[in-house]
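Student: Residue numbers (mature numbering (1 follows the signal peptide of the UniProt record, and there is no 0)): -20 to -1, 1 to 659.
Even for Gly, the Cβ is constructed at its ideal location relative to N, Cα and C.
(1) Which partner residues does residue 304 have in the DSSP bridge list?
(2) So within the region 438 to 512, which uninterrupted alpha helix (DSSP H) runs reach at least 4 residues, ignoring any that extend past its ends?
(3) Using 10 angstroms around the beta-carbon of residue 82, count the other beta-carbons present and answer buried if the total reaches 16, otherwise exposed.
(4) Which one of 306, 321, 190, 115 has the shortest CA to CA distance from residue 248?
(5) Tell me the rounded alpha-carbon separation between residue 440 and residue 548.
(6) So residue 97 and residue 389 are in contact, right, with Cβ under 8 Å, and what is the actual spacing, rounded?
(7) Closer than 7 Å by C-beta to residue 279: which residues in its own chain qualify, once you throw out the five before and the five after it? Chain order, please.
(8) So, helix, strand or coil for residue 372, using DSSP?
(9) Would you mind reading off the limits of the beta strand (DSSP E) that contains residue 549?
(10) Would you mind sorting residue 487 into buried or exposed? The rule is 16 or more other CB atoms within 10 Å of its CB.
(11) Roughly how many angstroms separate the alpha carbons of residue 442 and residue 162, rounded to a whole number?
(12) What residue from 635, 610, 578, 597 has the CA that sits closest to residue 303's CA?
(13) Just how far apart, CA to CA, sit residue 479 and residue 295?
(14) Determine the closest residue to residue 328 out of 367, 357, 489, 91, with distance taken between C-alpha atoms.
(15) For residue 307, count neighbouring Cβ atoms within 10 angstroms of its own Cβ and tell me buried if that reaches 16, exposed if not.
(16) For residue 90, count the other beta carbons within 10 Å of its own beta carbon; 16 or more makes it buried, fewer makes it exposed. Which is it?
(17) Could you tell me the boundaries of the beta strand (DSSP E) in which residue 254 lies?
(18) Quick one: residues in its chain with C-beta nearer than 7 Å to the C-beta of residue 122, no 5 flanking neighbours on either side, listed in chain order?
(19) Indicate whether residue 120 and residue 434 have their beta-carbon atoms separated by less than 7 Å.
(20) In this structure, does DSSP put residue 56 in helix, strand or coil?
(21) With distances taken between CB atoms, is the gap from residue 86 to residue 386 smaller than 7 Å?
(22) Near residue 664, what residues of its chain come up, given a Cβ to Cβ distance below 7 Å and the 5 sequence neighbours on each side ignored?
(23) Using the Cβ count rule (16 or more neighbours within 10 Å means buried), how would you classify residue 422?
(24) Less than 8 Å between C-beta atoms, sequence neighbours within five positions excluded: which residues of the same chain meet that for residue 660?
(25) Assuming residue 403 contacts residue 370 (C-beta within less than 8 Å), just tell me the rounded distance between them.
(26) Return helix, strand or coil for residue 82, following the three-state DSSP convention.
(27) Looking at C-beta atoms only, is the number of pairs between the region 576 to 592 and the region 445 to 457 that lie closer than 8 Å three or more?
(28) By a C-beta neighbour count over all protein chains shown, 10 Å radius and 16 as the cutoff for buried, is residue 546 buried or exposed?
(29) So is the beta-carbon of residue 312 under 6 Å away from any non-hydrogen atom of the ligand COA?
(30) Below 8 Å, can you find three or more Cβ-Cβ pairs linking the region 134 to 151 to the region 266 to 274?
(31) Can you tell me whether residue 274 is helix, strand or coil according to DSSP?
(32) Given that a residue counts as buried once 16 or more other Cβ atoms are within 10 Å of its Cβ, and exposed if not, what is residue 657?
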């Protein structure tokens, strides 16, 4: 058998050279002979005969970099981008990704031989990856926006404080950082060229990208998360514009130090940089999805939010769902929550209310644009789900569990001895089945460490979701009736309330705060400002972002604007710390009220005015079957003392972090709230 961890050279060869035949298998062990490894001074390589065999099967799409110009399938602009990237990164070979099932199978087979992924025999075509423990989440502290002026990227904080609304890097500093990282970074490896589409190919809301990467794991994951390959190349051949994405794990061959878990990364040199003026993304040193799958947050939010500002639409960190009442009336909702705050669970909710139905359009990102009739329409630009595993179960999200039962790559979850996966929140494994944690070590209940990393993930095709909406790939998008903001607020914030109007709704989005989660490197239970759930993802100055949102009310008739709401599933009993609200399927009760308010004929219908917005009037939330232990009074209590502290904190935040860039309308809303809470 091929030794685990000895395949660092194979990863640069197998997917690139073995695409013409069936999935790869290692030759019998007797044919392998230990020999000095030319790619790595740290070990003897037992793979030389296999490599010789594979080199004889070069596919036409994989070529030496000197013959790059001969690839006929690349449009001129794409070929120029790839040529420049190859000149800088110096890969051993270049492979243009076609996106076929056979190609994906070969790439996964190569990753398995290398030891980067492991087949999970309990499921159909499912795989487990374990990363270097230093490469497990988005790295906000090393994620930058590069523009000529700092103020183009972030408001200038008061008193020289550090901006919490993004990290700016000057063009000169970025050029120096680039020179320290990218030249020669792909030596000995394959550069994969991934043409991809964010949104259905051909949709007027869709944008295109081309990513070059030296990570086969990224290729496999991008095949799930985006529409990629030949159909996209065809659109690019027609002259479609594209975002240029360049990624490297930062570990050229021969290696100078051993890999951990066969996972190439360079944590000390991680830098994820965005150049919105030239529509470029350059990511170095991390293989983790949020840093390496550049179609996700990097393109779909940071770069796309800037494109949206320039073109008059919205790119937001939002799920999209369709909800149908027992009478067959359907509405679509977009909802913004910080990462790991329940977007996927809400997007795939199984309503506790009889006769109600929820269908999923997307669980993470929404691109929204007014149509010719003045209706705000949204698409999910992604093609898959990159969800947080811990906490996902048949109890909390049965549809997600069904979605990930096949064709899924799991990362940093626990492994069961019968060939499956496990994480916190699932039922204990059957008797006799043992567990291995995300470090690859034996794990037992009661251990001081967690079996699955808190930010462990599943990457699964969206089309596999049992409740995927029939219109999820609609080219024109789905019509949005409501926008919801929410986060983890253990006290003071009611279960659901509605803004007074669009401007007040924008203020509610700007005022969002939430407990920090495991999706980034923050630690502890600190309540962080996370406006619009976009704090880590703004592609330009937050003050300008607010002005852009406010401009929507002048672009179209107010009757066409979605209603704006705020929800909080996470309020706690101060006496014992227990959640006041059961959540999950019971959240349909809040959505029912939102549904009702979207179709209201009178402003006060099913609602009462409060100091923070419209609350459900007494009895407006259906509590049948909810249980007598749910304290509705506590859930909707709006303590003036809490909101007096909240407005003081908001005043300090806006003053320090946004300053002169805060739109006058937001200052007016803050003053109005201060007056209401102190009456």
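Tutor: The answer reads as follows:
(1) 310, 337
(2) 482 to 490
(3) exposed
(4) 115
(5) 28 Å
(6) 7 Å
(7) 178, 189, 223, 225, 261
(8) coil
(9) For residue 549, no beta strand (DSSP E) run applies, since DSSP gives it neither H nor E.
(10) buried
(11) 34 Å
(12) Closest option to residue 303, Cα to Cα, is 578.
(13) Each residue's CA atom was taken as its position, placing residue 479 and residue 295 some 21 Å apart.
(14) Nearest option by C-alpha distance: 367.
(15) exposed
(16) buried
(17) Start and end: 251 to 255.
(18) 250, 251, 252
(19) no
(20) helix
(21) no
(22) Residue 664 cannot be examined here, being either before or after the span of the chain that is shown, -20 to 659.
(23) The Cβ neighbour count for residue 422, taken over all protein chains shown within 10 Å, is under 16; the residue is labelled exposed.
(24) The chain is shown only over -20 to 659; residue 660 falls outside these bounds and no answer can be derived.
(25) 5 Å
(26) helix
(27) no
(28) Counting C-beta atoms within 10 angstroms of its own C-beta, residue 546 has 16 or more neighbours from the protein chains shown and is therefore classed as buried.
(29) The ligand COA is not part of the structure shown, which contains no ligands of any sort.
(30) no
(31) coil
(32) Taking all protein chains shown into account, residue 657 has 16 or more neighbouring C-beta atoms within 10 Å of its C-beta and is therefore buried.
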